[in-house]
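Its first residue numbered 138, the sequence shown is counted upward by one per residue in my numbering.
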Amino acid sequence: MFTVYSRMISINSVLTDRLYIYCCSLHIVQCQNTSIHDVSIYGDFNSPNNDGIDIEDSNNTLITRVTIDTGDDAICPKTYTGPLYNLTVTDCWIRTKSSAIKLGSASWFDFKSLVFDNITIVESHRGLGFQIRDGGNVSGITFSNINISTRYYDPSWWGRAEPIYVTTCPRHPNSKEGSISNLLFINITANSENGVFLSGSKHGLLSNLRFINVNLTYKRWTNYAGGLVDYRPGCQGLVNHNAAGIIMEHIEGLEVENVNMRWSDDRPGSWNNPLDFRPSTVNNISLLNFHSGSFKQ
């Protein structure tokens, strides 16, 4: 279903069941003042390029009371020909073999003032994701009251079970590098097979990130191999790296407050550092009431 160049659109009480539609089940393109509510999307869980809802170059969009179970990204804002601002997503349930929520990777223009609240993410390959690859900038994004469960799937699918994944780097060697700033993650609970990944780039820093009231529980339960960091698309691809609670690189300003990180002790050696910094790339870090420790099954 495509909605293009429209204003004041309401989409409600729709069910799509076990479809494979190349690109996405619902595609909002260059629209203004769109409302999507009480929609259920059931796609092919084993097919790529099978997104749930793509919001492209559209502003003042509300998505609420939506269920999405599909193979590719579930809710995916993109910017091809213009900026995207004032997107609100609330009261949703998501399962995907890719990212539950992902900004990008199409990101030629800016994203601003997005809110995601009261969302449940289950058995997904990635929870909250940013793939900024084309020079657009991101600012003023809030994630609140979100429960996340992420697990490994085959590495041919983008994602490495990260509950939170924030990255900006050039898609190609000559691509621009966009920045990501003023992100708030508040009241987040995650049970995941891998840690949080925060990765800016030399000319596209992550700045002013805040994690408040966040509970992270790490435990392996699938048999897929770990030990890889996923920069795809572009950038460095898949890179060998030990698992860590939070991996950080090219960051200017990170505030962590009331964060509890727990590690399962059922696979000795599966976990390494709670906090992993790339040397000389991370500045202005504040940790207040941060706890990390193992737990027994």
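We put the CB at the ideal spot given by N, CA and C, even for glycine. The model shown is predicted, which means the values in this text are computed figures rather than measured ones.
Taking Arg297 as the reference, which of Cys168, Ser184, Arg357 and Asp367 has the closest Cα? Asp367
Among all the DSSP beta bridges, which residues are the ones paired with Pro292? According to DSSP, Pro292 bridges with nothing at all.
Confirm, please, whether the CB-CB distance from Gly332 to Ala380 is below 8 Å. yes
Going along the chain, which residues of its own chain have a beta-carbon closer than 7 Å to the beta-carbon of Ser147, five neighbours each way excluded? Ser172
Do you know offhand how far Lys356's Cα is from Ala327's? 11 Å
Flag Gly315 as yes when its Cβ comes closer than 7 Å to any non-hydrogen atom of the ligand GTP, and as no otherwise. Within the structure as shown, the ligand GTP is missing, as the structure has no ligands at all.
Closest to Arg308 by C-alpha separation, out of Ser329, Asn282 and Gly241, would be which residue? Gly241
I'd like to know whether the C-beta atoms of Thr315 and Ile269 end up nearer to each other than 8 Å. As written in the sequence, residue 315 is Gly, which differs from the Thr given in the question. It is a contact, given that the beta carbons lie within the stated cut-off.
Jot down the residue ranges of each uninterrupted alpha helix (DSSP H) in the segment 285-368, minimum 4 residues, whole runs only, in chain order. none
Going by CA-CA distance only, name the one from Val252, Asn223 and Asp210 that's closest to Ser236. Asp210
If we count the other Cβ atoms within 10 Å of its Cβ and call it buried at 16 or more, is Asn426 buried or exposed? exposed
From Thr304 to Leu412, what does the alpha carbon distance come to, in whole angstroms? 17 Å
7 Å Cβ shell around Glu260 - same chain, five flanking residues per side excluded: Arg232, Ser286 and Arg288
If we count the other Cβ atoms within 10 Å of its Cβ and call it buried at 16 or more, is Lys239 buried or exposed? buried
Starting from His174 and walking both ways along the beta strand (DSSP E), at which residues does that stretch end? Gln169 to Gly180
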